[in-house]
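Residue numbers (the working numbering), protein chains in the order written: chain A, 62 to 306; chain B, 221 to 576; chain C, 1060 to 1240.
Just so you know, even glycine gets a beta-carbon here, dropped at the ideal spot from N, CA and C.
Keep in mind that this is a model prediction, so the values were computed, not measured.
The structure appears right after this line, and notes come after that.
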């Protein structure tokens, strides 16, 4: 029988542990497919996050090095500067990259580090159990924004990707979503381009991917993806934010 | 440059690091150690294979160290007390991930912002791990320019050999002072033994993971015991000390770094007055050279720890002496540097049995 | 023998250079030397000072609590260090900028008009080496030859004219002392 669909080489055989409706498994797969297609599996090093994807190294079949929470961009910087001909990517959530890791991320982008950041935005802290994230929408209920996020109490959702676009060293930044098939196809293209920007030695690249968290949003997977498409994209519109590649 | 050169401590450290094959430095400015990153920046600018980054913070710089170490480089960062506090998170990760790195602390007055004068208030932080979790780092305490050169070479070698972060604990004065130094011959980092554990792309082998997360408690316990065994092995091998006029001494001053030099001056003065006083100078602070100190209990009746703090190393002296002899303490914290005369006067009172 | 000397003045007078050359000269004679510059906030505001210890034995403290010699290149430095000089020690004063005397009876004073001497030899900026020449002549901490060699080492890579000028300045300082004896 002809094999028409299989697991990318850049993924191990381990089954994903993610919740039903979570975007991580899709995004892992897309990253792995791009690594396969670019033929860079044996020269790619990943920096996994703290958060739900903390065990990403159990899934990606490439060299991986953990980083302290928030510091992936700095760890990746040290690594890439030593291994200039390798491909280094980071994989982080919104709390990781847009709260505790803001400084490291902005400065890595501003130095034009030749690294690629995969930024999964689900507007909530997932692994710690649904606390408010920097990207939580106004009015969105979380365990630490009871009654919904209030500007005076909780501040506003932070658009890190727009901030990063202001940094002279960033080359390519796009926001996509994996909440529908079209979005998934678009996301893969964006991830591929982000890796290519690194391979062409152009500068810092990042793909922000809106992703559902049915568990912490307390929604069905179906409602959750609809919420991404209908509500989240109003605050975090899908677009190429910067492309000077 | 194998002839004698007059150089300040921070520059000696930088040159010795480069000669030890260090090709990556990440730091953030803080007084009194800025001449070290400046030296690395200018030396690395003339080299093709070396990386210098002035990071956005101490936190970023120690994490760049993690990345470079995981990639296999001989890597260093440096700071002074408040900056070292910020690096502690990363040092804990280095310990857990068993990554080699050299961390320099040119201590200044603290706590808080403190001041920029030489002090020794970070002894506990350096020798008890410093960050979270059950770990240690090797700590060297140079007291002379030449020792900075020699210990820096040793620090890189031990870091690689044991896959452990190594700290060089100096102070503002050690960093600024110039003394004649003869450097060891440079080594070619390309000729260092290959590291079998680095993450540099999985070409021709299966993929590797460097991590510190062990969700399963027995796995984390296993890591902790493995580290503990490594620390025991290190404790057997590397404790080092200078013993100066201790053979016939009745009172022995115990001091390290800059304080040890002042103490040595005090020993000279005490000897001139006919007192049998010696100096025990730990060159490694972790592991603390306890055995050689304990042996001195056979004939020494009084140990006096002298530190530029309110008393930290004195606890290790007490642990080594185990109550067999009197242990007292004299210190000047906050960046105050005692004179040998001052310490000699304290020693004299103690020697003649007067309360000080 | 262990001699401690503090060099002090304001920035631009070459105060650190004086100490550095002396320390290198001591090293050339295989003596133990330490050179400790003031650093950080202490040097903000334009003052400069350093301490040099030259010794036949290993040097304990590089800090001079009671130095045998103090060089004051300007008035504030004289005020700052006058009480620190060891009893029967010597204070070298730049007499072009300091007309007053320290409030002490138990120390020797050596007044050297270094600005004038440097100006007369056509090298205003070599005033530090003029003073160093005078200091060497009085103290004999190191040999005159070692100072000249040290200048060559310290200024290696610079123009020969500059080296010659500095070495000449040392002689001018030394001659001044010999002439005033």
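Query	Result
Residue from B:504, B:279, B:484 whose Cα sits closest to the Cα of residue 1116 of chain C	B:484
Cβ of residue 1119 of chain C within 9 Å of any chain B Cβ	yes
Pick from B:362, B:377, B:466 that is closest to residue 480 of chain B, judged by C-alpha positions	B:362
Segments of 4+ residues assigned as alpha helix (DSSP H) that fall wholly inside the region 232-276 of chain A	242-260
Residues bridged to residue 472 of chain B [DSSP beta-bridge criterion]	B:498, B:523
Partners in chain B for residue 129 of chain A, counting only beta-carbon separations shorter than 7 Å	283, 309, 310, 313
Any non-hydrogen atom of the ligand GDP within 8 Å of residue 337 of chain B CB	The ligand GDP is absent from the structure shown, which contains no ligand whatsoever.
Interface flag, residue 273 of chain B vs chain A, CB-CB below 9 Å	yes
Min CB distance residue 317 of chain B to chain A below 9 Å	yes
Nearest-angstrom beta carbon gap, residue 430 of chain B and residue 290 of chain B [assumed within contact, 8 Å]	5 Å
Distance, residue 473 of chain B Cα to residue 523 of chain B Cα	6 Å
Contact set between the region 1074-1106 of chain C and chain B, restricted to residues whose Cβ is under 7 Å from the partner	1082, 1083, 1086, 1092, 1093, 1094, 1095, 1096, 1098, 1099, 1100
Residues from the region 467-486 of chain B in contact with chain C, defined by Cβ distance under 7 Å	481, 482, 484, 485
Inter-stretch contact (C-beta, 8 Å, three-pair minimum) for the region 494-503 of chain B and the region 441-452 of chain B	no
Contact the region 133-147 of chain A vs the region 316-335 of chain B: 3+ CB pairs below 8 Å	no
Of the residues A:216, A:187, A:190, A:188, the one placed nearest residue 198 of chain A, counting alpha carbons only	A:216
At least 3 beta-carbon pairs within less than 8 Å: the region 1180-1193 of chain C vs the region 1072-1081 of chain C	yes
Pair within 9 Å by beta-carbon distance, residue 1158 of chain C and residue 1197 of chain C	no
Under the three-state DSSP convention, the category residue 1152 of chain C falls into	strand
Span separating the alpha-carbon of residue 1141 of chain C from that of residue 1110 of chain C	15 Å
Limits of the beta strand (DSSP E) - the one that residue 464 of chain B falls within	461-464
Chain A contact for residue 325 of chain B (CB, 9 Å cutoff)	no
Backbone secondary structure at residue 4 of chain A - three-state DSSP	Outside the shown range of chain A, which is 62 to 306, sits residue 4 of chain A, and nothing can be said about it.
Amino acids of chain B, ordered along the chain, whose beta-carbon sits closer than 7 Å to that of residue 1124 of chain C	559, 561
Reduced DSSP category for residue 576 of chain B - H, G, I as helix; E, B as strand; rest coil	Confidence is the limiting factor: at residue 576 of chain B the pLDDT is only 44, short of 50, which leaves the residue's position unreliable, though a coordinate-based value still follows. Residue state, collapsed to three classes: coil.
Residues of the region 241-272 of chain B with Cβ closer than 7 Å to any Cβ of chain A, in chain order	244, 246, 271
Neighbourhood of residue 1233 of chain C by C-beta, 7 Å cutoff - its chain only, sequence neighbours within 5 removed	1192, 1193, 1195, 1196, 1203
Residue burial classification, residue 567 of chain B (beta-carbon count within 10 angstroms, cutoff 16)	buried
Residue range of the alpha helix (DSSP H) that includes residue 139 of chain A	133-143
Where the alpha helix (DSSP H) containing residue 1194 of chain C begins and where it ends	1186-1198
Amino acids of chain A, ordered along the chain, whose beta-carbon sits closer than 8 Å to that of residue 359 of chain B	Here the premise fails: no neighbours, minimum Cβ distance about 22 Å.
Residue 116 of chain A at chain B interface by Cβ criterion, 9 Å	yes
Neighbour-count burial assignment, residue 1066 of chain C, 16 or more Cβ in a 10 Å radius	buried
Close Cβ partners of residue 274 of chain A (< 6 Å) along its chain, the five nearest in sequence each way excluded	183, 185, 187
Between the CA atoms of residue 1095 of chain C and residue 477 of chain B - distance to the nearest angstrom	15 Å
Assigned secondary structure, residue 336 of chain B (DSSP; H/G/I helix, E/B strand, else coil)	coil
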